[in-house]
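**Q** In UniProt numbering, the protein residues as written are 1 to 462. C-beta: ideal position from N, C-alpha, C; glycine also. Below you'll find the structure I mean.
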């Protein structure tokens, strides 16, 4: 999914092997319209396809091995300074091919390649964000986007798998029990040009689809997979190494993309039928039986699994929300019960013959009241069996001068509001509404003293 001028500046060094999945490659398109510095270019995965016409690995390998003088330049598709006539001639040869069809009225230009890929990916169910990341369109809309790594393996691989065609992506793997397919055969005999320009690791990856295409029987497809000259060269090298011309040593294994964000998992699909049968039924007959039917069934199961995951996630979110609401309600109930417990209890009259001696209570203020309700209870009834602050004598006030003077401003405001018709609880709630419940008692008292110098807070004036 790239512009023509971007592809003209694509270098061999932009491709590196994928150590996590050796059957794929990683590519960085560092010269693009929206790329202003090297870190803006994300690493993007290059996948094989069950449809040879759509297989990027096979077509790239065939292009490099069959192009003349390709090793004379560091650029894959010629030189970026080639004139418009050269580029136009190559594009004309491509577009006039029967494989390209004009589906709508109008000219078929270079942007049609990118538009077609973006439209196809969207119709395959890819989200707009996934298509944007694969196409390297500008996605930075907020400051946080600068700090998020632009390499997102899972969204990129999902879009790449959709662009692999209806048959899906695949791995090229060596069949078990075939020892003649050695790294030396792959890089030195099958893909020597790729080794020269891109290194042994990339050559090993790209040699696998070349060997598969060369050993695939011609009657399995209605078109030529690779040029005949390249095919005979690969078959000769394989036979000389001890292989049998009647057996294809390479298998294609389909896979599904799973994961989330930076976590990428490519899950292989085991089918009883061969990949060749899948192509024959899927492309020629369009049948949904056999291997393709198994793929569709697995896709349906995967879709159901994803739906179950979403349902479980929504259920967990709902349970978490309900838990938070229950906690808030319990906190309210605890606060109400605490206020009720601090209210004075009703005492029965003592019998006439019982002499009741007045209880002597200590005149002392509590050190750290937890909230304003406890502070008002201290003024009215006293906390912990202590004497109520409203009954302090001048001498007792002097003994608690600092704490009493700081708290008196609050007591005076609550008493004034009660005289005007408020209850003690509503009066205290009114003070909390002005200064906030998150502030400690000491901070609210300091704010009340500061406002008293200005004539009192406007919301507390009567």
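Which of the three DSSP states is assigned to residue 114 in this structure?
**A** For the purposes of this step, residue 114 is identified with residue 114 of the chain shown, where counting begins at 1. Correct three-state label for residue 114: helix.
**Q** Can you tell me the Cβ-Cβ gap for residue 50 and residue 41, rounded? I've got them flagged as a contact below 8 Å.
**A** By 1-based counting over the chain shown, the position of residue 50 is 50. By 1-based counting over the chain shown, the position of residue 41 is 41. Their Cβ separation, rounded to whole angstroms, is 29 Å, which puts residue 50 and residue 41 out of contact at 8 Å.
**Q** Per DSSP, what kind of secondary structure is residue 258 in: helix, strand or coil?
**A** Along the chain shown, read from residue 1 onward, the residue named residue 258 stands at position 258. The answer is strand: DSSP assigns residue 258 an E or B state.
**Q** Classify residue 247: buried if its beta carbon has 16 or more other beta carbons within 10 angstroms, exposed otherwise.
**A** Residue mapping note: residue 247 aligns to position 247 of the chain shown, counting from 1. Flag for residue 247 reads exposed.
**Q** With 7 Å set as the bound, which would you pick, yes or no: does the beta-carbon of residue 462 sit closer than that to a beta-carbon of chain C?
**A** The displayed structure is made up of one protein chain only, and chain C is not part of it.
**Q** Beta-carbon within less than 7 Å of residue 385's beta-carbon, same chain only, minus the 5 sequence neighbours each way: which residues are those?
**A** What you label residue 385 is simply residue 385 of the chain shown in a count that begins at 1. Only 361 meet the Cβ criterion.
**Q** With DSSP collapsed to three states, give me the class of residue 343.
**A** What you label residue 343 is simply residue 343 of the chain shown in a count that begins at 1. Coil, per DSSP.
**Q** When you compare only the Cα positions, how much space is there between residue 171 and residue 255?
**A** To locate residue 171, count along the chain shown from 1; it is residue 171. To locate residue 255, count along the chain shown from 1; it is residue 255. Looking at the two C-alpha atoms, the distance is approximately 7 Å.
**Q** Could you spell out the range, first to last residue, of the alpha helix (DSSP H) harbouring residue 238?
**A** Sequence index remark: in the chain shown, residue 238 carries index 238 (1-based). Residues 228-240.
**Q** Are residue 390 and residue 402 closer than 7 Å when you measure CB to CB?
**A** Mapped onto the chain shown, residue 390 falls at position 390. Mapped onto the chain shown, residue 402 falls at position 402. The answer is no: Cβ separation not under 7 Å.
**Q** When you compare the CB positions of residue 225 and residue 237, do they come within less than 7 Å of one another, or not?
**A** Along the chain shown, read from residue 1 onward, the residue named residue 225 stands at position 225. Along the chain shown, read from residue 1 onward, the residue named residue 237 stands at position 237. In this structure, residue 237 does not lie closer than 7 Å to residue 225 by Cβ.
**Q** Under 8 Å by Cβ, that's how I've got residue 134 and residue 20 pegged, so tell me the actual separation to the nearest angstrom.
**A** Along the chain shown, read from residue 1 onward, the residue named residue 134 stands at position 134. Along the chain shown, read from residue 1 onward, the residue named residue 20 stands at position 20. Actually they are not in contact, since the Cβ atoms of residue 134 and residue 20 sit about 19 Å apart, beyond 8 Å.
**Q** Assign residue 198 to one of two classes, buried (16 or more other C-beta atoms within 10 Å of its C-beta) or exposed (fewer than that).
**A** Numbered from 1 along the chain shown, position 198 holds the residue referred to as residue 198. Under this definition residue 198 is a buried residue.
**Q** Thinking C-alpha only, which one of 123, 13, 119 and 26 is nearest residue 74?
**A** Here residue 74 refers to the residue found at position 74 of the chain shown. Minimum Cα distance to residue 74 is reached at 13.
**Q** Would you identify the three-state DSSP class for residue 248, choosing helix, strand or coil?
**A** Locating residue 248 in the chain shown gives position 248, counting from the first residue. Here residue 248 sits in coil by DSSP.
**Q** Beta strand (DSSP E) containing residue 268: first to last residue?
**A** By 1-based counting over the chain shown, the position of residue 268 is 268. Unbroken beta strand (DSSP E) run through residue 268: 263-268.
**Q** Using CA atoms only, rank isn't needed, just tell me which of 27, 441, 338 and 16 is closest to residue 375.
**A** Here residue 375 corresponds to residue number 375 of the chain shown, with the count starting at 1. Of the listed residues, the one whose Cα sits closest to residue 375 is 441.
**Q** Going straight from the alpha carbon of residue 424 to that of residue 418, what length do you get?
**A** Taking the chain shown and counting its residues from 1, the one referred to as residue 424 is at position 424. Taking the chain shown and counting its residues from 1, the one referred to as residue 418 is at position 418. In a straight line, the C-alpha of residue 424 is about 6 Å away from that of residue 418.
**Q** Quick check on the burial criterion: 16 or more other C-beta atoms within 10 angstroms. Buried or exposed for residue 195?
**A** Along the chain shown, one-based indexing puts residue 195 at 195. Classification of residue 195: buried, given that the 10 Å Cβ count is 16 or more.
**Q** Output the distance between the C-alpha atoms of residue 161 and residue 129, rounded to the nearest integer angstrom.
**A** As a working mapping, residue 161 is identified with position 161 in the chain shown. As a working mapping, residue 129 is identified with position 129 in the chain shown. Each residue's alpha carbon lies about 15 Å from the other.
**Q** Excluding sequence positions up to five away, which residues of its chain have a Cβ less than 6 Å from the Cβ of residue 202?
**A** As a first step, residue 202 must be located in the chain shown, where it is residue number 202. The answer, listed in chain order, is 15 and 17.
**Q** When the Cα of residue 217 is compared with those of 377, 429, 231 and 406, which residue comes out closest?
**A** In the chain shown, residue 217 corresponds to position 217, counting from 1. The shortest Cα separation from residue 217 among 377, 429, 231 and 406 belongs to 231.
**Q** Distance, Cα to Cα, residue 416 vs residue 319?
**A** Counting from 1 along the chain shown, the entry for residue 416 is found at position 416. Counting from 1 along the chain shown, the entry for residue 319 is found at position 319. Those two C-alpha atoms are separated by around 46 Å.
**Q** What three-state label does DSSP hand residue 381 in the structure shown?
**A** Locating residue 381 in the chain shown gives position 381, where the first residue counts as 1. If DSSP states are grouped into helix, strand and coil, residue 381 belongs with coil.
**Q** Kindly identify the DSSP beta-bridge partner or partners of residue 172.
**A** Stepping through the chain shown from its first residue, residue 172 is reached at position 172. Answer by DSSP bridge pairing, in chain order: 252.
**Q** Cα separation between residue 57 and residue 184?
**A** Translated into positions along the chain shown, residue 57 becomes position 57. Translated into positions along the chain shown, residue 184 becomes position 184. The alpha-carbon atoms of residue 57 and residue 184 are separated by roughly 20 Å.
**Q** Sorted by chain position, which residues of the same chain lie with C-beta nearer than 7 Å to residue 206's C-beta, five sequence neighbours on each side aside?
**A** Indexing the chain shown from 1 puts residue 206 at position 206. Same-chain partners within the cutoff: 57, 60, 61, 191 and 194.
**Q** Using DSSP bridges, identify the partner residues of residue 48.
**A** Locating residue 48 in the chain shown gives position 48, where the first residue counts as 1. Answer is 170, bridged to residue 48.
**Q** Taking buried to mean at least 16 other C-beta atoms within 10 Å of its own C-beta, is residue 24 buried or exposed?
**A** To locate residue 24, count along the chain shown from 1; it is residue 24. Residue 24 comes out buried.
**Q** I'd like the span of the alpha helix (DSSP H) that includes residue 158, first residue to last.
**A** One-based indexing of the chain shown puts residue 158 at position 158. Unbroken alpha helix (DSSP H) run through residue 158: 153-163.
**Q** Under the assumption that residue 235 contacts residue 245 (Cβ atoms under 8 Å), give the Cβ distance between them as a whole number of angstroms.
**A** As a position in the chain shown, residue 235 is number 235, starting the count at 1. As a position in the chain shown, residue 245 is number 245, starting the count at 1. Right, their Cβ atoms sit about 6 Å apart.
**Q** Given that a residue counts as buried once 16 or more other Cβ atoms are within 10 Å of its Cβ, and exposed if not, what is residue 333?
**A** Here residue 333 corresponds to residue number 333 of the chain shown, with the count starting at 1. Exposed is the call here.
**Q** So, helix, strand or coil for residue 454, using DSSP?
**A** For the purposes of this step, residue 454 is identified with residue 454 of the chain shown, where counting begins at 1. The answer is coil: DSSP assigns residue 454 none of H, G, I, E or B.
**Q** Among all the DSSP beta bridges, which residues are the ones paired with residue 211?
**A** Taking the chain shown and counting its residues from 1, one reaches residue 211 at position 211. Residue 211 pairs with nothing; no bridge assigned.
**Q** Roughly how many angstroms lie between the CA atoms of residue 250 and residue 242, to the nearest whole one?
**A** As a working note, residue 250 is residue 250 in the chain shown. As a working note, residue 242 is residue 242 in the chain shown. Taking the straight line from one Cα to the other gives about 15 Å.
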